[in-house]
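Protein chains in written order, with the numbering used here: chain R, 1 to 303; chain D, 1001 to 1250.
By construction, the Cβ of each residue, glycine as well, lies at the ideal position given by its N, Cα and C atoms.
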């Protein structure tokens, strides 16, 4: 069912991109098209099992074991796939209350998650509780705007990670929400929150210029959008440049499709979030070539 | 490897710099995790022992409830709210007294914090998780009498059956105060009172701004859900009732 939708969309995309391709053929006929697939979840909140079949909103939806089936199918289709999570892995079912996040991390490792960022609820058993579960995670935690220097997490969290898939360098960096007022100080202790926009500009420059990344992905737990001027994924997208995709969380936002936001130099950035509790899996497919032929706004985006 | 080299040569042969890959097309879609997708066996088997252990714990019978408890059996106080407030008073007081030598005068929770009704029958650990899924802890705030007066007006204005204990508050039809007693004594503006609540409300949750006037706060490091579990364990049969602690007189 889902698969059919996807093919239909691809076909439409092909027709749409047809004009551009024709133009390219005459200049660089041997160009190689690279295909990178990004899969993502957010705010799974310890929802290891599916919702009950009689659940009012999400009857029978979700569940880690089914998500893994889908992830494996997609990996078979395209081995150049990354699987990412945008935080709030913890809290929401007795699995967390009983095991403190151990099972969540073990299952994510079994499913081959490539990276996750830290959400506010991941501090629910304190910063020590998070550290205690980290040995169960065989994937890196990525955050660039929390300073953990004076905490037990010092040296445990990377600002970004580079993944190379089919020769394409993918830089993934993480952003977290301001903890003060949201999480008890007793839990996050001396974790310092730093301005996400400043940090993003610094990191993205590094990813582009020094790390020579072809794709830049922000794994964010800032929240999709707020009525106030609080920093959000949409605001971040508009205030920065050189990010290709922002994968968000925190606000449990169900988007009808990924949003397209113009960045500070008028190029399009994708911003996505897939609700919560693991009822959805987000999928973004990047097709890259060396033609350099794109319209002025960036790549053709089909959502 | 051979194929990879071949590919590199082709790319290098083209007029563009070989490493200059940029996105030319991006597609986004959202995949629903529906019951139609087959669950992966190895993942399910891995979860199984964790699940069995939780189910066993959650179904453990702690007490018996002879009748249904809903949130709708009273206007300004309910049996389920009184159960929670009284449990909090009974189990928090010895801890507080042990730490400070002082006693809790009042318990205040919020009506919205009762997350589920309780059907008659066996009370299990799962019941405590349903009524109180959050991780909130018991805190005791010391307030001056005048701030307690502010709290009383908050209760009157909200018109909700916020669970209370240690206080008797009776209103006239027009919402003026007919009687207010704390631990059976009239409220005195110039003395201090110890109010047990949860850390969410202490921080001004549900607009309980009067807690910002606390002179002292002590965290008992006791989760409300664990407190309920302990309370259920010590009781054989639960028989909470709606009473006269917060009412409007007709």
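Query raised in the report: Quick one, which of 33(R), 262(R) and 180(R) has its alpha-carbon nearest residue 245(R)'s?
Result: Position 245 of the first chain, counted from the first residue, corresponds to residue 245(R). Of the listed residues, the one whose Cα sits closest to residue 245(R) is 262(R).
Requested in this report: Would you be able to state if there are at least three C-beta pairs under 8 Å between the stretch 157 to 168 of chain R and the stretch 96 to 105 of chain R?
Outcome: no
Query raised in the report: Whose CA, out of 1163(D), 1199(D) and 1189(D), lies closest to the CA of residue 1240(D)?
Result: As a working mapping, residue 1240(D) is identified with position 240 in the second chain. The option with the nearest alpha carbon to residue 1240(D) is 1163(D).
Query raised in the report: In or out: residue 1223(D) buried (at least 16 other Cβ within 10 Å) or exposed?
Result: Translated into positions along the second chain, residue 1223(D) becomes position 223. So residue 1223(D) ends up on the buried side.
Query raised in the report: Nearest chain R C-beta to residue 1030(D) closer than 8 Å, yes or no?
Result: Working through the second chain from its first residue, we reach residue 1030(D) at position 30. Closer than 8 Å to some Cβ of chain R, the Cβ of residue 1030(D) qualifies, so yes.
Query - residue 1116(D) to residue 1122(D) span [Cα, whole Å] - result: Taking the first residue of the second chain as 1, we reach residue 1116(D) at position 116. Taking the first residue of the second chain as 1, we reach residue 1122(D) at position 122. Taking the straight line joining both Cα atoms gives about 15 Å.
Report task. Please confirm if residue 1216(D) has its CB atom under 8 Å from at least one CB of chain R. Result -> Residue 1216(D) sits at position 216 when you count from the first residue of the second chain. Residue 1216(D) does not count as touching chain R.
Query raised in the report: Along the chain, where does the alpha helix (DSSP H) that runs through residue 197(R) open and close?
Result: By one-based count along the first chain, residue 197(R) stands at place 197. Run containing residue 197(R): 196 to 205, per the alpha helix (DSSP H) assignment.
Query - Cβ-based burial, residue 1021(D) [other Cβ within 10 Å; buried from 16] - result: Taking the first residue of the second chain as 1, we reach residue 1021(D) at position 21. By the 10 Å Cβ count, residue 1021(D) comes out buried.
Query - Inter-residue Cα distance where the pair is residue 194(R) and residue 147(R) - result: Taking the first chain and counting its residues from 1, one reaches residue 194(R) at position 194. Taking the first chain and counting its residues from 1, one reaches residue 147(R) at position 147. Each residue's Cα considered, the two are about 7 Å apart.
Query raised in the report: For residue 1161(D) versus residue 1088(D), is the C-beta spacing smaller than 8 Å?
Result: As a first step, residue 1161(D) is located in the second chain; it is residue number 161 there, counting from the start. As a first step, residue 1088(D) is located in the second chain; it is residue number 88 there, counting from the start. The answer is no: Cβ separation not under 8 Å.
Requested in this report: Would you identify the three-state DSSP class for residue 1252(D), choosing helix, strand or coil?
Outcome: Nothing can be reported for residue 1252(D), as the shown portion of chain D is limited to 1001 through 1250.
Requested in this report: Could you tell me which chain R residues have their CB closer than 7 Å to the CB of residue 1021(D), listed as they occur along the chain?
Outcome: The residue labelled residue 1021(D) in the question sits at position 21 within the second chain. Within chain R, the residues near residue 1021(D) are 34, 168, 214, 288, 289 and 290.
Report task. Give a yes or no on whether 8 Å exceeds the smallest Cβ distance from residue 1035(D) to chain R. Result -> Indexing the second chain from 1 puts residue 1035(D) at position 35. It does: the Cβ of residue 1035(D) has a partner Cβ on chain R nearer than 8 Å.
Requested in this report: Please find out if some non-hydrogen atom of the ligand SAH comes closer than 7 Å to the beta-carbon of residue 77(R).
Outcome: As far as ligands go, the structure on display features none, and thus does not contain the ligand SAH.
Query raised in the report: Counting Cβ pairs, one atom from each stretch, are 3 or more of them under 8 Å apart for the stretch 1142 to 1156 of chain D and the stretch 1178 to 1190 of chain D?
Result: yes
Query raised in the report: Does DSSP put residue 90(R) in a helix, in a strand, or in coil?
Result: Numbered from 1 along the first chain, position 90 holds the residue referred to as residue 90(R). It is coil, neither helix nor strand.
Requested in this report: Note down, in chain order, each residue of its chain lying with its Cβ closer than 7 Å to the Cβ of residue 1221(D), except the 5 sequence neighbours on either side.
Outcome: Taking the second chain and counting its residues from 1, one reaches residue 1221(D) at position 221. The residues are 1137.
Query raised in the report: Out of curiosity, what's the CA-to-CA distance linking residue 45(R) and residue 1049(D)?
Result: In the first chain, the residue the question calls residue 45(R) occupies position 45. In the second chain, the residue the question calls residue 1049(D) occupies position 49. Rounded to whole angstroms, residue 45(R) to residue 1049(D) spans 20 Å at the Cα level.
Query raised in the report: Apart from the five residues on each side of it in sequence, which residues of its chain come closer than 7 Å, Cβ to Cβ, to residue 9(R)?
Result: Taking the first residue of the first chain as 1, we reach residue 9(R) at position 9. Bear in mind that a pLDDT of 40 at residue 9(R), under 50, signals an unreliable position, so the model cannot answer this.
Query raised in the report: Count the other CB atoms within 10 Å of the CB of residue 232(R); is the residue buried (16 or more) or exposed (fewer)?
Result: Taking the first residue of the first chain as 1, we reach residue 232(R) at position 232. With 16 or more Cβ atoms within 10 Å of its Cβ, residue 232(R) is classed as buried.
Requested in this report: Please confirm if residue 1046(D) has its CB atom under 8 Å from at least one CB of chain R.
Outcome: Here residue 1046(D) corresponds to residue number 46 of the second chain, with the count starting at 1. Judged by the 8 Å Cβ criterion, residue 1046(D) is in contact with chain R.
Requested in this report: Tell me where the alpha helix (DSSP H) around residue 66(R) begins and ends.
Outcome: Position 66 of the first chain, counted from the start, is the residue given in the question as residue 66(R). Start and end: 64 to 77.
Query raised in the report: What is the C-beta distance between residue 1079(D) and residue 1237(D), in whole angstroms, given that I count them as a contact (C-beta under 8 Å)?
Result: For this step, residue 1079(D) is matched to residue 79 along the second chain. For this step, residue 1237(D) is matched to residue 237 along the second chain. That pair is no contact at about 14 Å.
**Report entry** Where residue 111(R) falls, given that 16 or more other Cβ within 10 Å makes a residue buried
**Finding:** Counted from its first residue, the first chain places residue 111(R) at position 111. By the 10 Å Cβ count, residue 111(R) comes out buried.
Query raised in the report: If you check the beta carbons only, do residue 1159(D) and residue 1114(D) fall under 8 Å apart?
Result: Translated into the one-based positions of the second chain, residue 1159(D) becomes position 159. Translated into the one-based positions of the second chain, residue 1114(D) becomes position 114. No. Outside cutoff.
Report task. Indicate the three-state DSSP secondary structure (helix, strand or coil) for residue 147(R) in the structure shown. Result -> The sequence position of residue 147(R) within the first chain is 147, counting from 1. Correct three-state label for residue 147(R): strand.
Query - CB contact below 8 Å: residue 98(R) versus chain D - result: Position 98 of the first chain, counting from 1, holds the residue named residue 98(R). Cβ-Cβ to chain D under 8 Å: yes for residue 98(R).
Requested in this report: Identify whether residue 1076(D) lies in helix, strand or coil by the three-state DSSP scheme.
Outcome: Start at 1 with the first residue of the second chain, and residue 1076(D) comes out as number 76. The answer is coil: DSSP assigns residue 1076(D) none of H, G, I, E or B.
Requested in this report: Give the straight-line distance between the Cα atoms of residue 203(R) and residue 173(R), rounded to the nearest whole angstrom.
Outcome: Along the first chain, one-based indexing puts residue 203(R) at 203. Along the first chain, one-based indexing puts residue 173(R) at 173. Cα-Cα distance, rounded: 8 Å.
Query raised in the report: For residue 40(R), which residues does DSSP report across the bridge?
Result: Residue mapping note: residue 40(R) aligns to position 40 of the first chain, counting from 1. Note: residue 40(R) sits in a beta bridge opposite 84(R) and 282(R).
Requested in this report: May I ask you to list, following chain order, the residues of the stretch 265 to 288 of chain R that have a beta carbon less than 8 Å from some beta carbon of chain D?
Outcome: 270, 272, 274, 278, 279, 280, 281, 282, 283, 284, 285, 286, 287 and 288
Query - Residue nearest to residue 1069(D) in terms of C-alpha spacing, selected from 1084(D), 1056(D) and 1034(D) - result: Position 69 of the second chain, counting from 1, holds the residue named residue 1069(D). That would be 1084(D), whose Cα lies nearest to the Cα of residue 1069(D).
Requested in this report: Would you decide whether residue 1135(D) is buried or exposed? Buried here means 16 or more other CB atoms lie within 10 Å of its CB.
Outcome: As a working note, residue 1135(D) is residue 135 in the second chain. When all chains shown are included, residue 1135(D) counts as buried.
Query raised in the report: Skipping 5 residues on each side, what residues in its chain have a beta carbon closer than 6 Å to that of residue 125(R)?
Result: Counted from its first residue, the first chain places residue 125(R) at position 125. Hits under 6 Å: 100.
Query - Contact set between the stretch 123 to 139 of chain R and chain D, restricted to residues whose Cβ is under 7 Å from the partner - result: 124
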